[in-house]
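Chains as they are written, first to last, in this note's numbering: chain B, 1 to 359; chain V, 1001 to 1441.
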């Protein structure tokens, strides 16, 4: 009995073969912004001693580039120097690098990433008080904490060479690649959060991924029931398909409903749904990337599994274009086991790791 | 096509909440994954299949636990029958039998606590074919939940010399590019009776070293062996030759006793209750300890050693029972396991015996015997309480003594040597008392 064949058939049922997309690796963004990133990176490196420098600056290889994870596995699954080990001056310099690298619009980019760090402090506090269940394992773990996030440069930061900035920890993996003074890619970008919302002691309400949930939610709920039937995937998802260690694993067949069959308003919602993820990189680079994805919109597909409400384990939405790949999934909580939490990933079939590596 | 498996005894137990902490896997997966843990026998492979409930619900389309308990078992067994096959390298299908389905709560690193179903399967190749090489065509849950993963491990492989070190043989997952699930080729290399036998010798050695209670019983029984039994107390030392003879006789009697029940219980596959036997073993140490303080059964130590040896042998048989062996393997295992036990036991006796004899000729022996017997008695009481369900610190400390065996041996030797030297320098050594006993020789 050919179970594998059956699965393939299920894939094929909801898909049509992708038209060979012609898309090139166009570097994007503003050279002045990249210059600022390199300056901030050099300023940060100048605050470090030799041993710390060796932790931060690593060669860019398939192995180092793919060393990122959504798990609370500390330094055992990722590169770089741990934030909790930095002095105040060093930490400020590191944050300056991130502010220069990431989008500074509210709710996305740097702002959103920092909220993921705060969420880890929430988990740490719950676990410290013995209130939650589950948690990080050993082996270089280090628990849930905003201090357990790591910054690395793969390759020496420069305005003429190729290098990558990696920043990540639990539920966060930022990979921005630079080539010849321009942004060559802002993916893979993993962002997730548990709890999905909370209120800080100062009364501030946080829901860092709602901007993404609302965007893909608006996109999927704009579909008519006939369109939804086409967009529905028969298979189930309890995590993103192309998380860590899935580099180059893009499905050969496209699934779901073709964006080309949608109305202009619906197309606009598809593009708007991409924006919060693409906005990980600086404003100009994000705008340029989005323009590429817009040009490819008619060869792009959207799909979902579970329910469109995004409130239960297995509720899943995907955008799959010639370049862009975005997944949003709800899964059961780990610490707050009576709640769901979100995992999402943004990839680019052409520009993951700046298109510099092949997997 | 797959032959429909026989469903033997299907039972469902719902364990109360209270997480069974599970092994932390070397490689962390973000979500609960399935585990297939293989026990490789001579004629069949047993598999314990752990299915995270949430993902199983997605695969089945509804929650199986909402059915009646009997239906859950039937439904999950029928489902597994459709999704698990083992095939020989030449393409011959194996027989799959699902023996049980149970529900429990568990925990995985990074996934927290969750509900799972645990099924026991046996995979049987056509007779005469090896159990060590097969294609494992398994797609339970992942045929539907394509982000799911199945970790396949070997838990026990007698012929491969692995008696409980869990290792990973592979991960079954969907190829995200093609959507295909490749069956896992399992190749455990060549196994042999010799490999299994030597592994059993090693297991016997470690069993004696780690199971402090068996050694403690023997040593406490040997403690007064170099002494003359007087009415209600122990007297001076007896001649060395007689002391050695007694020690050897007691050791041999213990060996005969525990070998007898080990062989009997293992070969008849007797289901003995572990709890009461473990508690009685603690009693045996207590009796031995009291005897070391005051003679309870002078002259009949060999009989006592053999009698309580019967109990200790039953406990040894639990180790073999867990391994789930074929009769041939069992016979070789008995031989190897017992050889390991006896070799280690002899080694320990040989290491302690001279010190014991030396000390018994000095004034330092009496306090040593008293303290050692008292410590053994306290440990025995702690173990007894522990094995009757009262966890306690004494038992925990007694169990941890294992880590300090070498240190204790050195301490005994230093004490004996110093005691002997001091006694000699003072010239007040206790000469062996020949006169009182009637020595037939």
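A virtual CB, placed ideally from N, CA and C, is assigned to each residue, including glycine. Every value quoted in this text rests on a predicted model; they were computed, and no experiment measured them.
Mapping DSSP to helix, strand and coil, what is residue i?
i, result
"residue 1312(V)", "helix"
"residue 1191(V)", "coil"
"residue 343(B)", "strand"
"residue 329(B)", "strand"
"residue 948(V)", "The first residue shown for chain V is 1001 and the last is 1441, placing residue 948(V) beyond what the model contains."
"residue 120(B)", "helix"
"residue 162(B)", "strand"
"residue 179(B)", "strand"
"residue 1237(V)", "strand"
"residue 1092(V)", "coil"
"residue 1358(V)", "helix"
"residue 1150(V)", "strand"
"residue 1130(V)", "coil"
"residue 1243(V)", "helix"
"residue 1049(V)", "strand"
"residue 1115(V)", "strand"
"residue 78(B)", "coil"
"residue 1297(V)", "coil"
"residue 35(B)", "helix"
"residue 47(B)", "coil"
"residue 1035(V)", "strand"
Whose C-beta lies closer than 7 Å to the C-beta of residue i among residues of the same chain, with five residues either side of it excluded?
i, result
"residue 31(B)", "181 and 182"
"residue 91(B)", "83"
"residue 80(B)", "55, 56, 150, 151, 152 and 166"
"residue 1294(V)", "1232 and 1233"
"residue 1136(V)", "1086, 1152, 1183, 1184 and 1186"
"residue 41(B)", "97, 153 and 157"
"residue 161(B)", "155"
"residue 1275(V)", "1387"
"residue 1083(V)", "1138, 1139, 1140 and 1143"
What separation, rounded to the nearest whole angstrom, lies between the Cα atoms of residue i and residue j?
i, j, result
"residue 1249(V)", "residue 1221(V)", "11 Å"
"residue 1365(V)", "residue 1380(V)", "22 Å"
"residue 133(B)", "residue 344(B)", "Confidence at residue 133(B) is low in this model, with a pLDDT of 46, below 50, so its placement is unreliable and no value can be given for it."
"residue 1123(V)", "residue 1281(V)", "38 Å"
"residue 1104(V)", "residue 1171(V)", "23 Å"
"residue 1021(V)", "residue 1106(V)", "Caution applies to residue 1021(V), whose pLDDT of 29 falls short of 50 and renders its modelled position unreliable; the value that the coordinates give is listed next. For residue 1021(V) and residue 1106(V), the distance between alpha carbons rounds to 6 Å."
"residue 1352(V)", "residue 1241(V)", "16 Å"
"residue 147(B)", "residue 46(B)", "21 Å"
"residue 93(B)", "residue 86(B)", "10 Å"
"residue 1154(V)", "residue 1043(V)", "16 Å"
"residue 104(B)", "residue 210(B)", "18 Å"
Can we count residue i as close to the ligand ATP, meaning its CB is less than 7 Å from some heavy atom?
i, result
"residue 71(B)", "Among the components of this structure there are no ligands whatsoever, and the ligand ATP is therefore not found."
Which same chain residues end up closer than 6 Å to residue i when comparing Cβ atoms and leaving out the 5 residues on each side of it in sequence?
i, result
"residue 1388(V)", "1279"
"residue 300(B)", "259 and 321"
"residue 1038(V)", "1045, 1047 and 1154"
"residue 1055(V)", "1141, 1145 and 1148"
If you check the beta carbons only, do residue i and residue j fall under 8 Å apart?
i, j, result
"residue 278(B)", "residue 186(B)", "yes"
"residue 1150(V)", "residue 237(B)", "no"
"residue 1200(V)", "residue 1336(V)", "yes"
"residue 317(B)", "residue 346(B)", "no"
"residue 335(B)", "residue 226(B)", "no"
"residue 251(B)", "residue 116(B)", "no"
"residue 1442(V)", "residue 1361(V)", "Lying before the first or after the last residue shown, residue 1442(V) is absent from chain V, which here runs from 1001 to 1441."
"residue 1134(V)", "residue 1088(V)", "yes"
"residue 285(B)", "residue 108(B)", "no"
"residue 1374(V)", "residue 1368(V)", "no"
"residue 1245(V)", "residue 1307(V)", "no"
"residue 184(B)", "residue 351(B)", "yes"
"residue 310(B)", "residue 217(B)", "yes"
Apart from the five residues on each side of it in sequence, which residues of its chain come closer than 8 Å, Cβ to Cβ, to residue i?
i, result
"residue 1041(V)", "1131, 1158, 1324, 1325, 1326 and 1329"
"residue 1190(V)", "1132"
Quick one: is residue i near chain A, going by C-beta distance under 8 Å?
i, result
"residue 1058(V)", "The chain labelled as chain A is not found among the protein chains of the depicted structure, namely B and V."
(request) Could you run through the stretch 1142-1154 of chain V and flag, in chain order, every residue whose CB is less than 7 Å away from some CB of chain B? (result) Residues passing the 7 Å Cβ filter: 1143, 1144, 1145, 1146, 1147 and 1148.
(message) Residues of the stretch 1176-1207 of chain V in Cβ contact with chain B at a cutoff of 9 Å, in chain order, please.
(response) 1176, 1177, 1178, 1179, 1180, 1181, 1182 and 1183
(request) Could you please tell me which residues of the stretch 291-317 of chain B, in chain order, have their CB closer than 7 Å to any CB of chain V? (result) 313 and 314
(request) Using a Cβ-Cβ cut-off of less than 8 Å, list which residues of the stretch 228-239 of chain B approach chain V; keep chain order. (result) Legend: CB atoms of the stretch 228-239 of chain B lying less than 8 Å from CB atoms of chain V belong to residues 235, 236, 237, 238 and 239.
(message) Under 9 Å, CB to CB, which of the residues in the stretch 54-72 of chain B have a partner in chain V?
(response) 69, 70, 71 and 72
(message) Along the stretch 1043-1058 of chain V, where does the CB come closer than 8 Å to a CB of chain B? Name the residues.
(response) 1054, 1055 and 1058
(request) May I ask you to list, following chain order, the residues of the stretch 146-179 of chain B that have a beta carbon less than 9 Å from some beta carbon of chain V? (result) Hits within the stretch: zero.
(message) Can you pull out the residues from the stretch 240-270 of chain B whose beta carbon lies closer than 9 Å to at least one beta carbon of chain V?
(response) Within the stretch 240-270 of chain B, the residues whose Cβ lies closer than 9 Å to some Cβ of chain V are 240, 241, 242, 243, 244, 246, 248, 249, 250, 251, 252 and 253, listed in chain order.
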